[in-house]
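Here's the structure we're looking at; comments come further down.
Protein chains: 2
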Amino acid sequence: MADVTDLPDRLEPSLAARLKRTADGLVAAIVQDHDTGEVLMLGWMDDEALRRTIAEGRVTYWSRSRQEYWRKGDTSGHTQHLRTLALDCDGDALLLTVDQVGAACHTGTRTCFSDVLVGDEADR
Amino acid sequence: MADVTDLPDRLEPSLAARLKRTADGLVAAIVQDHDTGEVLMLGWMDDEALRRTIAEGRVTYWSRSRQEYWRKGDTSGHTQHLRTLALDCDGDALLLTVDQVGAACHTGTRTCFSDVLVGDEADR
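This is how it looks when you write it as structure tokens:
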């Protein structure tokens, strides 16, 4: 895909118009491993994070704790490469399928959902 | 499972202590079909919705638009039966796998993510 600097610096208006954001301007982004179907993590995107993700094909989030953009893997090497992106029926959630390099979770586990509270891990 | 009225009316305190809620007291709940791995929808839960979900084995959300509890399927018949529940590493998202009866989406489609913006539906 083209370098982000070559692309318009606004999210496509017809897409932007469909997003229903939280009070702090964010949409939830569910990230699923393209090949295995595992749900890897949930992140948050504002319009600019979504624009960068689509433009670059590398997943970028808005970090609520650090209040900054966060392109997954820039520090860890555990990059996420976008395969598909879907918007839900009411515009407040995105579903991304990705090719995940290494662990998705900053704790080093493959997914962020390794703490199973109900049911059996083996049953997932 | 036991009827919810037979069970304690507070979410288990050690679990409640681990949740990181939005300003309006909610945690995102990703719902995945247990058998196919499809991500069906994203809902929101407060502590009471999570307590009911665990106690009854039927998925209950907090509806942000209607400001009320919403046990999936009570109107539509499209119930969700809990199989597994996991909490993510930072406590702000839940991943539920369910047995989904009928369409998960109120629009009648199997999942809420049928609007593919990037990539090919067939490639998901």
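Protein chains in written order, with our numbering: chain V, 10 to 133; chain Z, 10 to 133. Using N, Cα and C, we set each Cβ at its ideal position, and we do this for glycine too.
Quick one: Cα of residue i to Cα of residue j, how far?
{"i": "A37/V", "j": "W53/V", "result": "5 Å"}
{"i": "E77/V", "j": "T120/Z", "result": "31 Å"}
{"i": "T84/Z", "j": "G128/Z", "result": "34 Å"}
{"i": "L104/V", "j": "Q41/V", "result": "7 Å"}
{"i": "S72/Z", "j": "C114/Z", "result": "14 Å"}
{"i": "D124/V", "j": "L96/V", "result": "27 Å"}
{"i": "T31/V", "j": "D55/V", "result": "10 Å"}
{"i": "G117/Z", "j": "H87/Z", "result": "10 Å"}
{"i": "C98/V", "j": "F122/Z", "result": "7 Å"}
{"i": "L49/Z", "j": "G82/Z", "result": "14 Å"}
{"i": "E21/Z", "j": "I39/V", "result": "26 Å"}
{"i": "G100/Z", "j": "E65/V", "result": "29 Å"}
{"i": "D60/V", "j": "R60/Z", "result": "Asp is not the amino acid found at residue 60/V; the sequence shown has Arg there. Roughly 37 Å separates the two Cα atoms."}
Please confirm whether residue i and residue j have their CB atoms less than 8 Å apart.
{"i": "T45/V", "j": "L91/V", "result": "no"}
{"i": "A26/V", "j": "L51/Z", "result": "no"}
{"i": "R67/Z", "j": "R75/Z", "result": "no"}
Relative to the C-alpha of residue i, which residue among the options is closest?
{"i": "T93/V", "options": "G100/V, D108/V, K81/V", "result": "D108/V"}
{"i": "T106/Z", "options": "Q89/Z, T116/Z, A112/Z", "result": "Q89/Z"}
{"i": "G34/Z", "options": "C98/Z, E65/Z, P22/Z, A58/Z", "result": "A58/Z"}
{"i": "V110/V", "options": "I39/V, D18/V, P22/V, H43/V", "result": "H43/V"}
{"i": "A112/V", "options": "G100/V, E47/V, E65/V", "result": "E47/V"}
Using the rule of at least 16 other Cβ atoms within 10 Å of the residue's Cβ for burial, across every protein chain shown, is residue i buried or exposed?
{"i": "T69/Z", "result": "buried"}
{"i": "R19/Z", "result": "exposed"}
Could you tell me how far apart the beta carbons of residue i and residue j are, in whole angstroms, since I believe they sit closer than 8 Å?
{"i": "L28/V", "j": "L126/Z", "result": "Not a contact, Cβ separation roughly 11 Å."}
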